[in-house]
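Note sheet for the following structure.
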Amino acid sequence: MTVYAAPGSPDALVTFKPRYEHWIGGEWVKPVKGQYFEDITPVTGKAFAEVGRGTAEDIDAALDAAHKAAPAWGKTSSGERAAVLNKIADVIDANLELLAIAECWDNGKPIREIIGADLPLAADHFRYFAAAIRAQDGDHAQLDHHTVAYQFHEPLGGVGQIIPWNFPILMAVWKLAPALAAGNAIVLKPAEQTPVSILVLIELIGDILPPGVVNIVNGFGVEAGKPLASSPRIRKIAFTGETSTGRLIMQYASANLIPVTLELGGKSPNIFFEDVADHDDAFYDKAQEGFALFAFNQGEVCTAPSRALIHKPIYESFLSTVVERTSKAIQGNPLDTETQVGAQASNDQLEKILSYIDIGKQEGATIALGGERADLGGEFAEGYYVQPTIFEGHNKMRLFQEEIFGPVVAVTSFDDYDDAISIANDTLYGLGAGVWSRNGNVAYRAGRDIQAGRVWVNNYHAYPAGASFGGYKSSGIGRENNKLALDHYQQTKNMLVSYDENKLGFF
Amino acid sequence: MIEATVEIPGETKARVALTAESVDLLRKLWEANGPLMFHQSGGCCDGSSPMCYPEGDFITSDNDILLGVLDIAYDQGSKPINFWMSREQFEYWSHTFLTVDVVKGRGSGFSLEAPEGLRFMIRSTLMEDAKPFS
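Those protein sequence lines, which keep their order, are chains Z and X. All residue numbers for the first sequence refer to my numbering, where the first residue is 1 and numbers rise by one. All residue numbers for the second sequence refer to my numbering, where the first residue is 508 and numbers rise by one.
Written out as structure tokens, the structure is:
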């Protein structure tokens with residue numbers, strides 16, 4: 001067990017700068033308007049650094065830098081770019097604790113998860129795309145004896161990326177790695193809730209990248225995100241967030257006729273068929289853990305298994321077992337490696353979760369566990385902590401239909417296979433899903449029948465590089481986390497070549 | 508507290524209201540940005556919150572439903588704010604009355620209030636005469 005010292009205390013491994021500026025053209029640049037905002041740690045609810053409050057002027061400066069860097073970067077060989085990505089991965093590996101503390105303090109998530117998952121995944125993600133770009137071939141077709149069509153992959157140029165706050169570093173890496181591998185220059189806007197940890201990463205990797213290839217402008221959505229998303233100077237925009245902003249970004253993109261990728265959340269069903277309880281063995285234990293994973297990352301995951309569907313014959317027994325199990329989740333200081341549930345990322349997030357617990361009660365859902373703000377006392381008394389909460393109800397309740405983005409699961413039962421699939425698909429979203437069964441045929445059929453981009457079968461919340469990730473229905477457009485993402489950052493150049501000495505004969 | 512007009516054909520009761528704090532903030536935002544609109548968001552991160560945009564910035568369609576119009580003018584004239592939601596989302600929300608409140612917060616998509624250190628948030632109550640889950 002380790003409890004890392006809080007940043008700012010004498011033994012801390014991380015000392016934040018009092019003020020962070022934008023990262024533009026390979027150097028720190030003051031915001032044009034000279035304004036800053038405070039970054040608040042959800043661990044204690046206190047401000048710990050000032051961050052540049054970017055505006056359209058800063059976005060333009062970042063786009064200038066990106067456009068300056070893009071032509072040369074886009075012409076580097078895939079081997080050179082892969083070497084850069086691999087170096088970045090090595091730096092992440094070598095600075096695991098430092099980055100983890102920064103991420104923990106910025107976001108509030110348990111450090112155990114950052115060290116065990118977020119950062120190793122981030123490093124591996126860079127390595128995956130380093131490999132993917134080297135392995136990517138162009139294409140050609142001999143159309144007739146004299147004519148050959150060659151297809152080349154070319155970078156788009158300068159692209160925009162808007163990052164969410166739930167995995168500030170990892171979600172940035174999901175977007176950065178394929179865009180860099182494909183040879184683009186990037187203007188990235190982190191979430192205003194978690195603006196600093198990505199800058200701590202840039203402090204470490206900034207000199208590996210040519211100036212202007214990655215530019216980071218912080219600020220509020222309306223002041224910095226909107227000018228980026230609506231700029232006619234980007235060749236593509238990628239966004240992870242919610243549906244109204246997703247639609248708005250598509251509207252801006254339509255004005256500029258540029259492509260968009262969107263990841264907009266979900267309300268993922270986690271289905272437990274009765275045979276999971278056939279034996280009280282390691283697999284049953286795994287399935288129970290699969291249920292409790294709703295509280296992973298405090299529920300702040302787009303794919304959180306926030307609807308648990310339990311087969312009627314095992315409903316009572318399974319539910320009582322998993323309630324008991326979830327009740328043992330350790331909530332506490334996020335810097336303690338024993339902590340399993342940390343703080344919600346912001347005050348408004350806390351308030352929103354509590355408002356959903358309220359509407360759930362009004363709708364007649366019953367609470368099997370939790371249901372309150374958690375007061376950890378002492379220095380954490382003003383942090384944003386919510387007890388892991390289990391509700392029982394039915395799928396038409398708003399609790400079952402809206403993404404709460406907190407450690408709250410809504411549980412219901414199903415009669416048979418068809419009922420399970422019908423409930424699972426009765427949602428606006430289609431990002432993730434879980435299926436638990438000892439019967440491979442049932443698990444396979446369910447996996448195919450559920451309308452979602454990612455179905456975990458007999459596991460949940462794994463995000464290995466290589467497994468494509470993206471949404472059906474209102475959950476978005478495009479795929480990340482797989483070589484498919486390269487296509488979202490590349491143009492196709494078709495060069496149609498005639499090797500015929502003779503004229504066409506038309507004129 | 509300001510209640511919205513009734514806009515859905517066949518209905519007689521308001522579906523949306525503003526708390527006093529919301530009205531104050533909206534008046535300030537109107538002053539700075541001109542006419543305003545709301546679109547209720549769904550999905551992750553900053554989702555499930557009402558997003559406040561300059562009127563017309565967000566293009567609504569036949570697939571959105573106007574839940575009501577909120578007039579935030581002091582005594583004379585009118586400052587109407589349309590409150591929209593996508594039709595598919597309304598299918599799941601129709602039995603609840605929505606009150607737009609304000610909390611301290613950070614970040615809300617491209618919603619106009621974020622730089623104020625505040626966020627609009629929905630508080631929901633069951634509508635007495637609504638038939639939920641029918």
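Each residue gets a CB set at the ideal place from its N, CA and C atoms; glycine is no exception.
Please confirm whether residue i and residue j have their CB atoms less than 8 Å apart.
i, j, result
"Ile258 (chain Z)", "Lys226 (chain Z)", "no"
"Ile111 (chain Z)", "Leu335 (chain Z)", "yes"
"Gln142 (chain Z)", "Gly614 (chain X)", "no"
"Ile581 (chain X)", "Phe617 (chain X)", "Position check: residue 581 (chain X) holds Tyr in this sequence, whereas Ile was assumed. Cβ atoms of Tyr581 (chain X) and Phe617 (chain X): not closer than 8 Å."
"Ser306 (chain Z)", "Ile404 (chain Z)", "yes"
"Lys352 (chain Z)", "Ser556 (chain X)", "yes"
"Ile59 (chain Z)", "Ala172 (chain Z)", "no"
"Leu605 (chain X)", "Ile579 (chain X)", "no"
"Gly108 (chain Z)", "Gln344 (chain Z)", "yes"
"Glu103 (chain Z)", "Leu13 (chain Z)", "no"
"Gln288 (chain Z)", "Pro407 (chain Z)", "no"
"Lys189 (chain Z)", "Ile163 (chain Z)", "yes"
"Gly183 (chain Z)", "Pro210 (chain Z)", "no"
"Leu525 (chain X)", "Val607 (chain X)", "yes"
"Pro622 (chain X)", "Val222 (chain Z)", "yes"
"Phe291 (chain Z)", "His461 (chain Z)", "no"
"Val323 (chain Z)", "Pro195 (chain Z)", "no"
Would you mind telling me which residues of chain Z sit closer than 7 Å to residue i, beta carbon to beta carbon, in chain order?
i, result
"Thr632 (chain X)", "Gln362"
"Glu595 (chain X)", "Leu428"
Starting from residue i, find everything on chain Z with Cβ-Cβ shorter than 9 Å and list it in chain order.
i, result
"Ile588 (chain X)", "Result: empty, since nearest Cβ-Cβ is about 15 Å, beyond 9 Å."
"Glu508 (chain X)", "Sequence inspection shows Met at residue 508 (chain X); the Glu mentioned does not correspond to that position. The contacting residues do not exist; Met508 (chain X) stays about 17 Å from chain Z at best."
"Phe565 (chain X)", "Ser244, Arg247, Leu248 and Gln251"
"Thr603 (chain X)", "Ile359, Gln362, Glu363 and Arg398"
"Met628 (chain X)", "Asp348, Glu351, Lys352 and Ser355"
"Met558 (chain X)", "Glu242, Ser244, Thr245 and Leu248"
Should residue i be labelled buried (16 or more other beta-carbon atoms within 10 Å of its own) or exposed?
i, result
"Lys46 (chain Z)", "exposed"
"Met397 (chain Z)", "buried"
"Gln596 (chain X)", "buried"
"Val159 (chain Z)", "buried"
"Glu538 (chain X)", "exposed"
"Asp636 (chain X)", "exposed"
"Met544 (chain X)", "buried"
"Leu625 (chain X)", "buried"
"Gln583 (chain X)", "exposed"
"Thr632 (chain X)", "exposed"
"Arg479 (chain Z)", "buried"
"Tyr499 (chain Z)", "exposed"
"Ser641 (chain X)", "For Ser641 (chain X), the pLDDT reaches just 49, beneath the cut-off of 50, and the residue's location in the model is therefore unreliable, although a value from the coordinates is still provided. Exposed."
"Gly466 (chain Z)", "exposed"
"Met508 (chain X)", "exposed"
"Asn441 (chain Z)", "exposed"
"Ala433 (chain Z)", "buried"
"Thr326 (chain Z)", "buried"
"Arg127 (chain Z)", "buried"
"Pro18 (chain Z)", "exposed"
"Val3 (chain Z)", "exposed"
Output, in chain order, the set of chain X residues within a Cβ distance shorter than 9 Å of residue i.
i, result
"Cys302 (chain Z)", "Gly550, Cys551 and Cys552"
"Gly116 (chain Z)", "Here the premise fails: no neighbours, minimum Cβ distance about 23 Å."
Report the neighbours of residue i on chain X: residues whose CB is nearer than 8 Å to its CB, in chain order.
i, result
"Pro31 (chain Z)", "Those within 8 Å of Pro31 (chain Z) in chain X number zero; the least Cβ separation is about 13 Å."
"Phe469 (chain Z)", "Per Cβ cutoff of 8 Å: no residues; Phe469 (chain Z) is ~13 Å from chain X at best."
"Phe220 (chain Z)", "Gly614, Ala621 and Pro622"
"Lys226 (chain Z)", "Phe617"
"Trp165 (chain Z)", "Cys552 and Gly614"
In chain Z, which residues lie with their C-beta within 8 Å of the C-beta of residue i?
i, result
"Tyr599 (chain X)", "Lys396, Arg398, Gln401, Glu402 and Leu428"
"Ser555 (chain X)", "Glu242, Lys352, Tyr356, Glu402, Glu403, Ile404 and Phe405"
For residue i, return the contacting residues in chain X, with the cut-off set at a CB-CB distance below 7 Å.
i, result
"Glu223 (chain Z)", "Pro622"
Are three or more beta carbon pairs between the segment 380 to 392 of chain Z and the segment 256 to 272 of chain Z nearer than 8 Å? Because the criterion of three Cβ pairs below 8 Å is not met, the segment 380 to 392 of chain Z and the segment 256 to 272 of chain Z do not touch.
Report the residues of the segment 613 to 626 of chain X with a CB closer than 9 Å to any CB of chain Z, ordered along the chain. Result list: Arg613, Gly614, Ser615, Gly616, Phe617, Ser618, Leu619, Glu620, Ala621, Pro622, Gly624, Leu625 and Arg626.
So does the segment 198 to 216 of chain Z actually touch the segment 514 to 522 of chain X, counting three or more Cβ pairs closer than 8 Å? No, they do not touch.
Examine the Cβ distances between the segment 144 to 156 of chain Z and the segment 482 to 498 of chain Z and report whether three or more of them are shorter than 8 Å. Contact between the segment 144 to 156 of chain Z and the segment 482 to 498 of chain Z is present, because at least three Cβ pairs lie under 8 Å.
Any contact between the segment 40 to 55 of chain Z and the segment 371 to 378 of chain Z? By contact I mean 3 or more CB pairs, one from each, below 8 Å. Not touching, per the Cβ criterion.
Check whether the segment 497 to 507 of chain Z touches the segment 472 to 486 of chain Z, counting contact only when three or more Cβ pairs, one atom from each stretch, lie closer than 8 Å. Too few Cβ pairs lie closer than 8 Å, so no.
Could you check whether the segment 169 to 180 of chain Z touches the segment 112 to 124 of chain Z, counting it as contact only if at least three pairs of C-beta atoms, one from each stretch, sit closer than 8 Å? Contact between the segment 169 to 180 of chain Z and the segment 112 to 124 of chain Z is present: 3 or more CB-CB pairs across the two stretches fall below 8 Å.
Pairs of beta-carbons, one from the segment 420 to 432 of chain Z and one from the segment 279 to 292 of chain Z, closer than 8 Å: are there three or more? Output reads no: the segment 279 to 292 of chain Z does not touch the segment 420 to 432 of chain Z.
Can you list, in chain order, the residues of the segment 232 to 244 of chain Z whose Cβ is nearer than 9 Å to any Cβ on chain X? For the segment 232 to 244 of chain Z, the set of residues with a beta-carbon nearer than 9 Å to any beta-carbon of chain X comprises Thr240, Gly241, Glu242, Thr243 and Ser244, in chain order.
Taking contact to mean 3 or more Cβ pairs, one atom from each stretch, closer than 8 Å, check whether the segment 88 to 101 of chain Z and the segment 244 to 252 of chain Z are in contact. Counting Cβ pairs under 8 Å, fewer than three are found: no touch.
Three or more C-beta pairs under 8 Å: does that hold for the segment 586 to 602 of chain X against the segment 195 to 204 of chain Z? In this structure the segment 586 to 602 of chain X does not lie against the segment 195 to 204 of chain Z, because fewer than three pairs of beta carbons, one per stretch, are closer than 8 Å.
Residues of the segment 39 to 70 of chain Z in Cβ contact with chain X at a cutoff of 8 Å, in chain order, please. Result list: Ile40 and Arg53.
Taking any Cβ of chain X, which residues in the segment 187 to 213 of chain Z have a Cβ under 7 Å from it, in chain order? So the close ones are Ala191, Glu192 and Gln193.
Positions along the segment 78 to 96 of chain Z whose CB lies within less than 7 Å of some CB in chain X: Residues passing the 7 Å Cβ filter: none.
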